[in-house]
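In UniProt numbering, the protein residues as written are 1 to 129.
Built from N, CA and C at the ideal position, the CB exists for glycine as well.
Please read these numbers as outputs of a predicted model, since none were measured by experiment.
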């Protein structure tokens with residue numbers, strides 16, 4: 001349970017910080033917010049992305065599937081599907097040359113780093129026992 005939620009939390013935190021930086025420098029603009037008091041990055045990065053990758057992590061771990069391939073597929077769905085829909089409906093704007101391909105690569109890098117970090121922490125915890 002700890003492993004699963006630690007992975008999801010790591011994806012959430014990394015994506016949130018990256019999203020805040022991208023928004024601050026104008027690459028990514030979210031046009032609607034839940035409330036003006038909360039940070040700009042409280043959107044897909046706080047809900048759908050971590051949960052989606054958490055499910056992929058759990059599925060691949062339980063069924064001995066290739067996590068890297070599943071991550072690439074889900075990243076493509078999020079980057080080319082959901083971010084395109086968000087841009088089409090005016091919920092998201094890409095500026096300064098930012099596009100869905102950049103979102104895809106950011107997704108992949110964040111999830112791989114979260115995966116390796118989780119596995120390294122898990123290895124250290126199991127080694128300490």
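In the displayed model, residue 89 falls within coil according to three-state DSSP, outside both helix and strand.
Relative to residue 96, the option among 116, 25, 46, 85 whose CA is nearest is 25. A check of alpha carbon separations from residue 18 across 102, 124, 118 identifies 102 as the nearest.
Runs of beta strand (DSSP E) with 3 or more residues, each lying fully within the segment 41 to 126, are found at 92 to 94, listed in chain order.
Residue 116 and residue 88 have their C-alpha atoms spaced approximately 34 Å apart. Cβ atoms of residue 123 and residue 54 stay farther apart than 8 Å, at about 20 Å.
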